[in-house]
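Colleague:
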Amino acid sequence: LQSNRRLSEMTGYEEEELAQLRLETLVHPDDRDALAQLLAGLGNDSASFASEVRLLKKNGSAFWARLTLSSSVPDGVLSESIFVVVDDISERRAVHEALRAQKEWLDLALSAGRLATWRIDLKDGIVTGSGTFWDILGLPPAASRRLDELSAVIHPADWPKLVASRKLASVTNYDVEIRVRRPDGHIRWVALRGREEKYDDRLQRLGVAADLTERRQTTLLRAAAKKRERIMLEQRHRFSNLFPVITALVNMVDVPENNVARYKETLVDRIRALEATHLLLSRNGNASGMLHDLVVQELQPY
């Protein structure tokens, strides 16, 4: 193994020590099969190959390197030799692994929150999104779609929220809720939250999406339950107040000359007047009715 000073700096070996080693001994055991395939490929009329493998330092630690193997060697070198260029890519691999881990964490967070990611280029009219985003819209996965294609699933009343452009600063928050018609005919509520930004005169929106249908249904059910409870309490209150009023009314009406039939007729008229007054107040939303109407209802038996 003939090498230069740079390889010595990478591996920690002296040039004399490297001269006693074979290339395979510098390669991590898990990557030696890949190197063997590269070497075998050079014998099949291929001028060069490249691969990313781990190399071992003298202290036993490993680092990532890109090996470019070529059968075309410089003049003055034995024809049976292989020319190898070693490029230390440890920092690039570390950045790549950090980005990969960050993406995995982001995907996990989005999955736990049942969120999807999306981006709309308003200038070109192109929409890109994650698989979950297309699933929320009821569409098959795709790398991108034309924005106008979404008009087939977005409720017409909500379509302007998606396509309308606004005069904005460099970055503006974007928060809308739209209705989506799924292939099965059901309407789903979808929240789009993110930001609008202008970059190089290109207006784009990007953010996350969430299916709000179950949440909205729960909210409506709770509101309906509270309304029913309020009506029941109101009815209970009215009935509880009704019986004392009727009792007082009965006590106030005298039996005229012991005429039970006339007494009954008078009492029924009074109760009907009370009923009419109650209905009048109910129609006015529990507010006070017009004084004239109330007086007319109360004097009707007389």
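Residue 34 is where the sequence shown starts when you use the numbering used here, and the numbers rise one by one after that.
We treat Cβ as the ideally placed atom computed from N, Cα and C, and that holds for glycine.
Exposed or buried, which one is Leu111 when buried takes at least 16 other CB atoms within 10 Å?
Modeller: Confidence is the limiting factor: at Leu111 the pLDDT is only 49, short of 50, which leaves the residue's position unreliable and the question unanswerable from this model.
Colleague: For Trp138, count neighbouring C-beta atoms within 10 Å of its own C-beta (all shown protein chains included) and say buried if the count is 16 or more, exposed if not.
Modeller: exposed
Colleague: Ser81 by DSSP, collapsed to three states: which one?
Modeller: strand
Colleague: With DSSP run on the structure shown, which of helix, strand or coil describes Ala176?
Modeller: coil
Colleague: If you follow the beta strand (DSSP E) that Ile122 is part of, which residue opens it and which one closes it?
Modeller: Here Ile122 belongs to no beta strand (DSSP E), and DSSP marks it neither H nor E.
Colleague: Pull up the distance between the alpha-carbon of Arg305 and that of Ser273, whole angstroms please.
Modeller: 18 angstroms
Colleague: Using the Cα positions of Asn92 and Val60, report the straight-line distance between them to the nearest angstrom.
Modeller: 14 angstroms
Colleague: Since I believe Leu225 is in contact with Ala242 (beta carbons under 8 angstroms), could you give me their beta-carbon distance rounded to a whole number of angstroms?
Modeller: 5 angstroms
Colleague: Classify Asn92 as helix, strand or coil using the three-state DSSP reduction.
Modeller: coil
Colleague: Excluding five sequence neighbours on each side, which residues of the same chain lie with their C-beta closer than 7 angstroms to the C-beta of Gly227?
Modeller: Counting only Cβ-Cβ distances below 7 angstroms, and skipping sequence neighbours, we find Tyr207, Arg238, Leu239, Gly240, Val241.
Colleague: By the DSSP assignment, the alpha helix (DSSP H) with Glu48 in it spans what residues?
Modeller: 48 to 52
Colleague: What first and last residue would you give for the beta strand (DSSP E) that runs through Ala224?
Modeller: 220 to 232
Colleague: Just to confirm the assignment, what range does the alpha helix (DSSP H) spanning Gln70 have?
Modeller: 65 to 74
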